[in-house]
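Heads up: the structure comes next, in structure tokens.
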DNA sequence: TCTTCATATGAGCAAACGTTCACATGAAAG
DNA sequence: CTTTCATGTGAACGTTTGCTCATATGAAGA
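Protein chains in written order, with this note's numbering: chain A, 465 to 590; chain B, 465 to 590.
As structure tokens, then:
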């Protein structure tokens, strides 16, 4: 997808300002680094988990599919806020939905979501 | 740590605005959700990975310890920018450092960093 | 001590984010 | 068709973010 993520100004730093202590290592690493596009996408993915509201939504969806109203009530959020966040999660392919009459049920759309959050938990819990 | 993360206004939504389709499920989920504090910390952790500059820095540190100048040159960033980001990573206990004369070498301080990024990669690469 | 070199840090700015508010959309019931 | 109800969406707003610039810190060498 490669959305520009956060294309701040980021002009090249002044020429010859600071030296590398290990030019050889730097040169080798430059080869091995994944493409910028991939790293942008990666950051974009992590950004989905970088807000506690979205974390809560994902956490809630661990156990069962839920509609917007369910989530809003559970997390004490406005319907609008939940809907906005679900759109982001949907775009990032972390969440999918299913229509049933007027109600739309959301559920997790990626096996990695659980392991991702579980892994983060390990760090948080020291 | 429980930094307030992004304590936006987030006032409670208007009373009785929207209904839950599954009140029973909502009630049960409310019990099971981890504490707000934990979820804040979790989001804070993910926020460290939510910027491609920081991802690049962490990626670079996969292979060997590096000083600020190394990283700046490798990633074409200003010394100041790298230093600012390293401070964040340091505060989040993702990175540690070691002084050698005037040079300060940074390295990964958490086993989860690699698996975290690897897991994210799996999602990005479809 | 006085420089020099590597790094740290505070202020300021422009961009991006998450929420709210108001309204649009679209399906079902009458 | 009209109303109702669940959800979607655009604009506005205040906050946060990541960068730059200028300067501070602190170690090593002259």
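Note that beta-carbon positions come from the ideal geometry of N, C-alpha and C, so glycine has one too.
Neighbours of residue 486 (chain B) across chain A, judged by C-beta separation under 8 Å: 528, 530, 531 and 534. Interface with chain B (9 Å Cβ-Cβ cutoff): residue 537 (chain A) is included. Judged by DSSP secondary structure, residue 569 (chain A) falls within the beta strand (DSSP E) whose first and last residues are 567-572. Within 8 Å of the CB of residue 520 (chain B), the CB atoms of chain A belong to 497 and 503, in sequence order along the chain.
Residues of chain B whose Cβ lies closer than 7 Å to the Cβ of residue 510 (chain A) are, in chain order, 510, 513, 514 and 584. By the Cβ test, the segment 507-519 of chain A is in contact with the segment 494-507 of chain B, since at least three Cβ pairs between them sit closer than 8 Å. For residue 489 (chain B), the nearest beta carbon of chain A is closer than 9 Å to its own beta carbon.
Rounded to whole angstroms, the gap between the alpha carbons of residue 580 (chain A) and residue 581 (chain B) is 9 Å. In this structure, the beta-carbon distance from residue 483 (chain B) to residue 533 (chain A) falls below 9 Å. DSSP lists B:572 as the bridge partner or partners of residue 559 (chain B). The CB of residue 523 (chain B) comes closer than 8 Å to the CB of 497, 498 and 503 in chain A, given here in chain order.
Its chain contains 532, 535 and 536 as the residues whose beta carbon lies nearer than 6 Å to that of residue 546 (chain A), once the 5 sequence neighbours on both sides are disregarded; these appear in chain order.
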